[in-house]
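Asks:
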Amino acid sequence: MRYSVLSGGAKRAPSVICVAACELVDGRERRDAAFPTACALEMVHAASLVHDDLPCMDAASLRRGRPSTHALYGVDMAILAGDALFPLAYEHVTSATPLALVSEHAVVQILAEIARTVGSTGMTAGQFLDLEGGSSSESQVLDVLGKKFGEMAECSAACGRLLRGAGDEEVCMLRRYRRAVGVLYQLVDDILMEEKEGVGSNGRSMGKMRSNASVVDVVGMDRALEIVEGLREKAKNHLQGFEEKYGERVLPLYSFVDYAVDRGFVIQEAIPASIAKV
Numbered sequence: 164m165r166y167s168v169l170s171g172g173a174k175r176a177p178s179v180i181c182v183a184a185c186e187l188v189d190g191r192e193r194r195d196a197a198f199p200t201a202c203a204l205e206m207v208h209a210a211s212l213v214h215d216d217l218p219c220m221d222a223a224s225l226r227r228g229r230p231s232t233h234a235l236y237g238v239d240m241a242i243l244a245g246d247a248l249f250p251l252a253y254e255h256v257t258s259a260t261p262l263a264l265v266s267e268h269a270v271v272q273i274l275a276e277i278a279r280t281v282g283s284t285g286m287t288a289g290q291f292l293d294l295e296g297g298s299s300s301e302s303q304v305l306d307v308l309g310k311k312f313g314e315m316a317e318c319s320a321a322c323g324r325l326l327r328g329a330g331d332e333e334v335c336m337l338r339r340y341r342r343a344v345g346v347l348y349q350l351v352d353d354i355l356m357e358e359k360e361g362v363g364s365n366g367r368s369m370g371k372m373r374s375n376a377s378v379v380d381v382v383g384m385d386r387a388l389e390i391v392e393g394l395r396e397k398a399k400n401h402l403q404g405f406e407e408k409y410g411e412r413v414l415p416l417y418s419f420v421d422y423a424v425d426r427g428f429v430i431q432e433a434i435p436a437s438i439a440k441v
């Protein structure tokens, strides 16, 4: 379990986005409120990757440039590690969240959000569709990416705002933003896999993934690059409503959009002109 969650090379995107979304309201003054949920999201994310790498799933022997959990400890231990991490995440939210800063109602909302993300309409559905291998059109492939990767990304932003009691409209906008970034990141990784012949930017081996059609396989490299730019623009557009209200606090969220494409943080280049003048 420690190996899966604390392994080097992890981007910690779910936890960082959760904290960044929470900080929109109070800046860093009350960021402690987000830490238990951020840690729980990292556990859930790690568990999903452990199961995703299994021989019966994507059969990936590498994760983040190191042996995947099942390759190092065996399939049996990997299954148990993933199974244990999911409930540990829920336990951590309920036991470690400071109720002086977060309402009990918000805690229940967060637990429901994580459960929905993991369940039969979220990541599990995405893995099912991926295993079926029936993606033969652009919309079908993007739907798989949206469920398999976009759901977790969406959850991280939604949880960050739910912690601070945000309204439905704000949560909805952040969901759309983060879902676009989640799909964008994986699409870019698929493109990089094509270019690097089997190992993505996350140091993951391709395994069975080549048996299923990627976006590049279905639409070609030129169209895949067009989709990347479209998703980048879409993600940033979803953040525009936060600029006037939160000013520079939205900058980390903008920077994640370009990071998904360029795989490096260049904050100034990510800043829209309207915010740069704030």
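With the numbering used here applied, the sequence shown covers 164 to 441.
No residue lacks a Cβ here, since even glycine has one placed at the ideal position from N, Cα and C.
It should be emphasised that the depicted structure is a prediction, and the values quoted were computed from it without experimental measurement.
1) Going by DSSP, name the residue or residues bridged to residue 226.
2) Cutting at 7 Å between CB atoms, please list the residues of its own chain near residue 275, excluding the five before and the five after it.
3) Taking 8 Å as the threshold (C-beta atoms), are residue 377 and residue 304 in contact?
4) Leaving out five residues on either side along the sequence, give the residues of the same chain with a beta carbon under 8 Å from the beta carbon of residue 182.
5) Quick one, which of 167, 257, 242, 188 has its alpha-carbon nearest residue 407's?
6) Could you check which residue in 176, 235, 258, 229 has the C-alpha nearest to that of residue 208?
7) Compare the Cα-Cα distances from residue 192 to each of 346, 327, 379, 414 and report the closest residue.
8) To the nearest angstrom, how far is it from the Cα of residue 429 to the Cα of residue 416?
9) Of the residues 332, 398, 344, which one's Cα is nearest the Cα of residue 311?
10) Can you give me the C-alpha to C-alpha distance between residue 401 and residue 213, rounded to a whole angstrom?
11) Would you call the segment 236-244 in contact with the segment 209-228, where contact means no fewer than 3 C-beta pairs closer than 8 Å?
12) Can you list, in chain order, the residues of its chain with a C-beta nearer than 7 Å to that of residue 308? Leave out the 5 residues immediately preceding and following it.
13) Going by the CB atoms, is the gap between residue 423 and residue 340 shorter than 8 Å?
14) Is the beta carbon of residue 252 closer than 8 Å to that of residue 286?
15) Per DSSP, what kind of secondary structure is residue 216 in: helix, strand or coil?
16) Does the distance from the C-beta atom of residue 184 to that of residue 320 stay below 8 Å?
17) Just mark residue 254 as buried or exposed, buried being the case when its beta carbon has 16 or more other beta carbons within 10 Å.
18) For residue 416, verify whether its CB is less than 7 Å away from any heavy atom of the ligand SAH.
19) So, with DSSP's three-state summary, where would you put residue 265?
20) Under the rule that 16 or more other beta-carbon atoms within 10 Å means buried, what is residue 262, buried or exposed?
Replies: Looking at the coordinates:
1) Residue numbering aside, residue 226 sits at position 63 when the sequence shown is read from its first letter. Answer is 229, bridged to residue 226.
2) Here residue 275 is taken as the residue at index 112 of the sequence shown, counted from 1. Residues of the same chain with a CB within less than 7 Å of the CB of residue 275, apart from the 5 flanking positions on each side, do not exist.
3) Reading the sequence shown from its first residue, position 141 is the one you call residue 304. Reading the sequence shown from its first residue, position 214 is the one you call residue 377. Result yes, Cβ atoms of residue 304 and residue 377 sit closer than 8 Å.
4) In the sequence shown, residue 182 corresponds to position 19, counting from 1. So the qualifying residues of the chain are 194, 197, 198, 201, 323.
5) The sequence position of residue 407 within the sequence shown is 244, counting from 1. Nearest option by C-alpha distance: 188.
6) Numbered from 1 along the sequence shown, position 45 holds the residue referred to as residue 208. Closest by alpha carbon: 176.
7) Taking the first residue of the sequence shown as position 1, residue 192 is located at position 29. Out of 346, 327, 379, 414, 327 has the C-alpha closest to the C-alpha of residue 192.
8) Residue mapping note: residue 429 aligns to position 266 of the sequence shown, counting from 1. Residue mapping note: residue 416 aligns to position 253 of the sequence shown, counting from 1. For residue 429, the predicted model reports a pLDDT of 46, less than 50, meaning its position is unreliable and no value from the coordinates is stated.
9) In the sequence shown, the residue the question calls residue 311 occupies position 148. Per the Cα distances, 344.
10) The sequence position of residue 401 within the sequence shown is 238, counting from 1. The sequence position of residue 213 within the sequence shown is 50, counting from 1. So the two alpha carbons sit approximately 31 Å from each other.
11) Remark: three or more beta-carbon pairs, one from each stretch, lie closer than 8 Å, so the segment 236-244 and the segment 209-228 are flagged as touching.
12) Residue mapping note: residue 308 aligns to position 145 of the sequence shown, counting from 1. Non-local C-beta neighbours of residue 308 in its own chain, meaning closer than 7 Å and more than five positions away in sequence, comprise 346, 349, 350, ordered along the chain.
13) Counting from 1 along the sequence shown, the entry for residue 340 is found at position 177. Counting from 1 along the sequence shown, the entry for residue 423 is found at position 260. Not a contact, by the Cβ cut-off of 8 Å.
14) For the purposes of this step, residue 286 is identified with residue 123 of the sequence shown, where counting begins at 1. For the purposes of this step, residue 252 is identified with residue 89 of the sequence shown, where counting begins at 1. Going by C-beta atoms, residue 286 is not nearer than 8 Å to residue 252.
15) Within the sequence shown, the letter at position 53 stands for residue 216. If DSSP states are grouped into helix, strand and coil, residue 216 belongs with coil.
16) By one-based count along the sequence shown, residue 184 stands at place 21. By one-based count along the sequence shown, residue 320 stands at place 157. For the pair residue 184 and residue 320, the CB atoms are nearer than the 8 Å cut-off.
17) One-based indexing of the sequence shown puts residue 254 at position 91. Exposed: under 16 other Cβ atoms inside 10 Å.
18) You won't find the ligand SAH in this model; it holds no ligand whatsoever.
19) Residue numbering aside, residue 265 sits at position 102 when the sequence shown is read from its first letter. Assigned with DSSP and collapsed to three states, residue 265 falls in coil, not helix or strand.
20) On the sequence shown, residue 262 is found 99 positions in, with the first residue counted as 1. With fewer than 16 other Cβ atoms within 10 Å, it is exposed.
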